[in-house]
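K.L.:
The opening position of the sequence shown corresponds to residue 1 in our numbering, with each subsequent residue numbered one higher.
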Amino acid sequence: MLNISCLLSDNRNNPKELLKGILITQFVVLAYNLIFFNRYFSVTEGWFSVYAEQIRRGLVPYIDFHFILPPLYPATIALFINIFGGDLIYLRVMGIVLMLILSLFTFLLMSRLFPAYIASIVTVAGVIYYQAGTAHITYDFIQFFTTYVLISTYFVCLYYSSSSTLKEGDRRLKGFSYLIIAGFFCSMALLIKQSNGIVLLFILTSTVLLIDIKKDILHQIKSTGAFLAGASLPLSVLFFWLYRNGALSAFINQTLIGASKSKGSILPILIGWIPRIIYLDQIAKFLFVSIVVYSLGYRYFICSINFEELHGKLRIDPSRSIWVFLTIMGFALLAIFLPLSGVELSKQITENQYFIFVFYSIIITVLLCSFIFMALYIVSLFFQQALALYNVDVFIISMTSLGFLLGTATSGGIAEAGSFLGFSMILGYLIYLNSAYRFGNYFFIAIAFLLIIFCASRKYTAPYSWWWIKEPDIRKAVFKSQLPELRGFYLSEDTVKVIQGVTGIIKKYPVPGDDIFTFPNIPLFYFLTNKLPDRFIFIHWYDVLPDDLAIKEAERIIAAPPKIIVYLKLKEEVALGHELLFRGGKQSGQRAIIKSIEWLTGEGGYSLEGSHSVPDGNTMEVWILKDFGT
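1. Taking the C-alpha atoms as reference points, what is the distance between F454 and F536?
2. If you draw a straight line from the C-alpha of T146 to the C-alpha of F184, how long is it?
3. Would you mind giving the Cβ-Cβ distance between L233 and L242, rounded to the nearest angstrom? I have them listed as a contact below 8 Å.
4. Where H578 and W323 are concerned, what is the direct C-alpha to C-alpha distance, given to the nearest angstrom?
5. Cutting at 6 Å between CB atoms, please list the residues of its own chain near L534, excluding the five before and the five after it.
6. Could you tell me the distance, in whole angstroms, from the CA atom of G258 to the CA atom of G133?
7. What number of angstroms, rounded off, separates the C-alpha of L334 from the C-alpha of Y62?
8. Whose CA, out of G197, T207, P520, V237, lies closest to the CA of V566?
9. When DSSP labels each residue in this structure, what does E621 get in the three-state scheme?
10. Tell me, to the nearest whole angstrom, how far the beta carbon of N245 is from that of V60; I am working on the premise that it is less than 8 Å.
11. Let me know if N13 comes out buried or exposed under the rule of 16 or more other beta-carbons within 10 Å of its beta-carbon.
12. What distance in whole Å lies between the Cβ atoms of R56 and N82, which are believed to be in contact at a cut-off of 8 Å?
13. Would you list the one or two residues that DSSP bridges to V614?
14. For W466, report the span of its alpha helix (DSSP H) as first-last.
15. Between the Cα of T518 and those of I597, I447, R583, T461, spot the shortest distance and give me the residue it belongs to.
16. Which residues bound the beta strand (DSSP E) around E471?
17. Unbroken alpha helix (DSSP H) runs of length 4 or more, entirely within the stretch 221 to 261: which are they?
18. For a test of the three-state rule: what should DSSP assign to L570, helix, strand or coil?
19. In this structure, what does DSSP give as the bridge partners for T518?
20. Give the range of the alpha helix (DSSP H) segment to which Q482 is assigned.
21. Can you tell me which residues form a DSSP beta bridge with F114?
22. Can you find the residues in the same chain that come closer than 8 Å, C-beta to C-beta, to V511, ignoring five residues on each side of it along the sequence?
23. Taking Cβ to Cβ, would you say C186 is nearer than 7 Å to L204?
24. Below 7 Å between beta carbons: does that hold for Y390 and F114?
25. Counting Cβ pairs, one atom from each stretch, are 3 or more of them under 8 Å apart for the stretch 66 to 80 and the stretch 134 to 153?
26. Using C-beta distances below 7 Å, list every residue in its chain close to M94, excluding the 5 sequence neighbours before and after it, in chain order.
27. Return the residue from the list F227, Q194, T207 that minimises the CA-CA distance to I252.
28. For L491, name the three-state secondary structure that DSSP assigns.
29. Distance, Cα to Cα, K571 vs S611?
30. Considering Cα atoms alone, identify which of T25, S424, G86, Q131 is closest to F36.
31. Could you give the DSSP three-state label for E579: helix, strand or coil?
32. Can you give the Cα-Cα distance for R458 and E555, rounded to whole angstroms?
33. Does the beta-carbon distance from T207 to I396 come in below 7 Å?
34. Helix, strand or coil for S321, going by three-state DSSP, please let me know.
35. DSSP has F185 in a bridge; who is on the other side?
36. Only counting the same chain, and skipping five residues up and downstream in sequence, which positions put a Cβ closer than 7 Å to that of D616?
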């Protein structure tokens, strides 16, 4: 049977050290999230709250409303609302819990490679770097996806270590049970987001196969089969539910065919990210980082990461470890609270060119290093002596890092959520390994804490920024909304005015949700007004709605003009950017909807009842059909 002690088993740290590390990382991550979790709210948030409400009403995704993702995430949100209620602050609290679980499994993975105190440093740095993503919302689907994958990866690591620490009978039973659990959580990730999930399912299946490649074919079949058996469990439940509701064909059409259409085609999804990441400037950054690492005495860095006997011995006296952990916690708390001391200070930090250079060097460094670490293991398979020395945990974590990188790339480009795990591992080794000059170890400890300061400053000054929709500095968020759904939030004055103003106008008119048309990515107002639409399409975002359906929507609103139009007029760069990313520069179907809205509102049939500025350079307009308004 599985128990807590076997889940925390590790050949590098004793349970007491692990517990200290867990408590430190959890406390710092919790403190950090409590600073800003209720200090911003974008008008583009709330997509999945609406999807969840539709599910709670008994509607079936793919049949009753358009949806391009698997149903697990909105179903999770629907269940959460059933239990805790619909206040949006509760979702943010759930997001904090989710980030704590994410940081826990990041720490457990790092503690397989490093002493617990180093694992604490790089986990805190890695998670805060992860949250530095410009469009990060703690409870968003990508956080669920990442957490499930981390859990899956950890159980793959447990499977590998069980082969050398357990007796033959226990080894097979527990080892295969670890793989079943790993497969289960990998499949759960796939049911959150299919493009990323398919990549990770392939990556982790390949990982299991490769770590057993030297064993007999029967064992390989059993181990891979155990992983895939675990993966089949959630998938079987999904397909049974889809079949029972008559949604299987629609599911395939929307999540596979339609989803690829909304991003142009399969080719841009798979390889479109390469020229946006791998180009001369990025290669130069990687070379510069490599020169710095080499000059600090890490001349055999790549080899020493992968081969155990070359590892450093940077350890601490167990009797003094509590003071080391408390010192780490103190510096980490200082790093996250220091930028709060002044708006001007945090602005200067985020604009510092040295910080910016280091921050934007991380993705290319992690990408190339992850490929190298994977390749080294594959090469070592042909050399028995090298394979015996190889740290297989490095290979497993590097494979997951690659999966994160390639998976996030399918959504438009590699971001912090794709590179944080590899970043934590690389940073950990730069702290752990003995450089020719001990200065190197302390240099990268300093880099870790300085990067925390930069990422925290970045989060405080711009907590949310997505396609020219930007939330202001959290220190300007001191106003409460009168809307019950937003109780518990402190927001900027402009944000409160926009959300309350638009919601108030819609509530004035006794219309059902079907007579309200929001465009392109603001279904929030259906939720806030409790006027949910019964129509098939209610989100029209560029990489969500395929062009053919967008054109039909444009024709529909011309044929049957909605009584209320809520139009978020975005900068032209938004449409151009998506068309460049996903349409090969060709015009998207969303432009047809824009033309229809502009024609309807420009012909004199509508009156403009509200207009609000939405940073950065956008306008929210509320149009009322004149005959209806009178």
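From the three backbone atoms N, C-alpha and C, an ideal C-beta is built for every residue, glycine too.
P.N.:
Inspection of the coordinates gives the following:
1. Within the sequence shown, residue 454 is the residue found at index 454, counting from 1. Within the sequence shown, residue 536 is the residue found at index 536, counting from 1. When rounded, the distance between both Cα atoms is 43 Å.
2. Position 146 of the sequence shown, counted from the first residue, corresponds to residue 146. Position 184 of the sequence shown, counted from the first residue, corresponds to residue 184. Going from the Cα of T146 to the Cα of F184 covers about 14 Å.
3. If you number the sequence shown from 1, residue 233 lands on position 233. If you number the sequence shown from 1, residue 242 lands on position 242. Contact flag wrong, Cβ pair sits at about 15 Å.
4. Counting from 1 along the sequence shown, the entry for residue 578 is found at position 578. Counting from 1 along the sequence shown, the entry for residue 323 is found at position 323. Each residue's Cα considered, the two are about 51 Å apart.
5. In the sequence shown, residue 534 corresponds to position 534, counting from 1. It is Asp, not Leu, that sits at residue 534 in the sequence shown. Cβ neighbours of D534 beyond the five flanking positions: D514.
6. Residue 258 sits at position 258 when you count from the first residue of the sequence shown. Residue 133 sits at position 133 when you count from the first residue of the sequence shown. Cα to Cα, the separation comes out at about 27 Å.
7. The residue labelled residue 334 in the question sits at position 334 within the sequence shown. The residue labelled residue 62 in the question sits at position 62 within the sequence shown. Each residue's Cα considered, the two are about 48 Å apart.
8. Residue numbering aside, residue 566 sits at position 566 when the sequence shown is read from its first letter. For the residues G197, T207, P520, V237, the minimum Cα distance to V566 belongs to P520.
9. As a working note, residue 621 is residue 621 in the sequence shown. DSSP places E621 in strand when its eight states are reduced to three.
10. As a first step, residue 245 must be located in the sequence shown, where it is residue number 245. As a first step, residue 60 must be located in the sequence shown, where it is residue number 60. Contact holds; Cβ gap of about 5 Å.
11. By 1-based counting over the sequence shown, the position of residue 13 is 13. Buried, since its Cβ has 16 or more Cβ neighbours within 10 Å.
12. Residue mapping note: residue 82 aligns to position 82 of the sequence shown, counting from 1. Residue mapping note: residue 56 aligns to position 56 of the sequence shown, counting from 1. Yes, N82 and R56 are in contact; Cβ-Cβ is about 7 Å, under 8 Å.
13. Your numbering for residue 614 matches position 614 in the sequence shown. Its beta-bridge partners are N618.
14. Reading the sequence shown from its first residue, position 466 is the one you call residue 466. W466 -> not in any alpha helix (DSSP H); beta strand (DSSP E) instead, spanning 464 to 466.
15. Translated into positions along the sequence shown, residue 518 becomes position 518. For the residues I597, I447, R583, T461, the minimum Cα distance to T518 belongs to I597.
16. The residue given as residue 471 occupies position 471 in the sequence shown. Here the beta strand (DSSP E) through E471 covers 469 to 471.
17. 248 to 252
18. In the sequence shown, the residue the question calls residue 570 occupies position 570. When secondary structure is reduced to three states using DSSP, L570 falls in the coil class, being assigned neither helix nor strand.
19. Mapped onto the sequence shown, residue 518 falls at position 518. Note: T518 sits in a beta bridge opposite V566.
20. Working through the sequence shown from its first residue, we reach residue 482 at position 482. Segment: none, Q482 is in no alpha helix (DSSP H) and carries neither H nor E.
21. As a first step, residue 114 must be located in the sequence shown, where it is residue number 114. Looking at the DSSP assignment, F114 forms no beta bridge with any residue, so it has no partner.
22. In the sequence shown, counting from the first residue as 1, residue 511 sits at position 511. For V511, where only same-chain residues beyond five positions count, the Cβ hits under 8 Å are K531, K563, I564, F628.
23. On the sequence shown, residue 186 is found 186 positions in, with the first residue counted as 1. On the sequence shown, residue 204 is found 204 positions in, with the first residue counted as 1. Yes, the pair counts as a contact, with Cβ atoms nearer than the cut-off.
24. By one-based count along the sequence shown, residue 390 stands at place 390. By one-based count along the sequence shown, residue 114 stands at place 114. No, the Cβ-Cβ distance between Y390 and F114 is not below 7 Å.
25. yes
26. For the purposes of this step, residue 94 is taken as the residue at position 94 of the sequence shown. Counting only Cβ-Cβ distances below 7 Å, and skipping sequence neighbours, we find F80, Y139.
27. On the sequence shown, position 252 is the one that residue 252 refers to. Minimum Cα distance to I252 is reached at Q194.
28. Translated into positions along the sequence shown, residue 491 becomes position 491. In the structure shown, L491 sits in a strand (DSSP, three-state: E or B).
29. Residue numbering aside, residue 571 sits at position 571 when the sequence shown is read from its first letter. Residue numbering aside, residue 611 sits at position 611 when the sequence shown is read from its first letter. The straight-line gap from Cα to Cα measures roughly 15 Å.
30. By one-based count along the sequence shown, residue 36 stands at place 36. Across the set T25, S424, G86, Q131, the C-alpha of Q131 shows the shortest separation from the C-alpha of F36.
31. Here residue 579 refers to the residue found at position 579 of the sequence shown. Reduced to three states, the DSSP call for E579 is helix.
32. In the sequence shown, residue 458 corresponds to position 458, counting from 1. In the sequence shown, residue 555 corresponds to position 555, counting from 1. Going from the Cα of R458 to the Cα of E555 covers about 42 Å.
33. Against the sequence shown, residue 207 aligns to sequence position 207. Against the sequence shown, residue 396 aligns to sequence position 396. In contact: T207 and I396 (Cβ atoms closer than 7 Å).
34. Here residue 321 is taken as the residue at index 321 of the sequence shown, counted from 1. Three-state result, S321: helix.
35. For the purposes of this step, residue 185 is identified with residue 185 of the sequence shown, where counting begins at 1. Looking at the DSSP assignment, F185 forms no beta bridge with any residue, so it has no partner.
36. As a position in the sequence shown, residue 616 is number 616, starting the count at 1. Closer than 7 Å at Cβ, skipping near neighbours: W468, K470.
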